[in-house]
Amino acid sequence: MTAYIESYESILERECFYVYEFRTYAETYEEVARFLKFYNSKRINGSIHWLSPEEYHQRVLNRTIKGIEITA
């Protein structure tokens, strides 16, 4: 599980923190919230067949792609 968290943190740093220079906490909070929404819905992810989470979810619902089994 730690590897997934470290990977996410690396992506957040590269695609958010290194791109913007924040002046206030409010700016930082707003941009991170925007990034999280993008990451969880639109950002293409290799572990789900190079689809966005929304597209992957829709294909699973339409049964045009098999869902990934999640194990802990």
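Per the UniProt record's numbering: the sequence shown = residues 1 to 72.
Built from N, CA and C at the ideal position, the CB exists for glycine as well.
Using a Cβ distance threshold of 9 Å, I5 and Y39 do not count as a contacting pair.
Shown here for K66: same chain residues with a beta carbon closer than 8 Å to its own, the five before and five after excluded, namely V60 in chain order. Per DSSP, the unbroken alpha helix (DSSP H) holding E27 starts and ends at 25-41. Straight across, the Cα-Cα distance linking Y56 with I48 is about 7 Å. Excluding its 5 nearest sequence neighbours in each direction, S41 has C-beta neighbours in its own chain below 8 Å: S52, P53, E54, listed in chain order.
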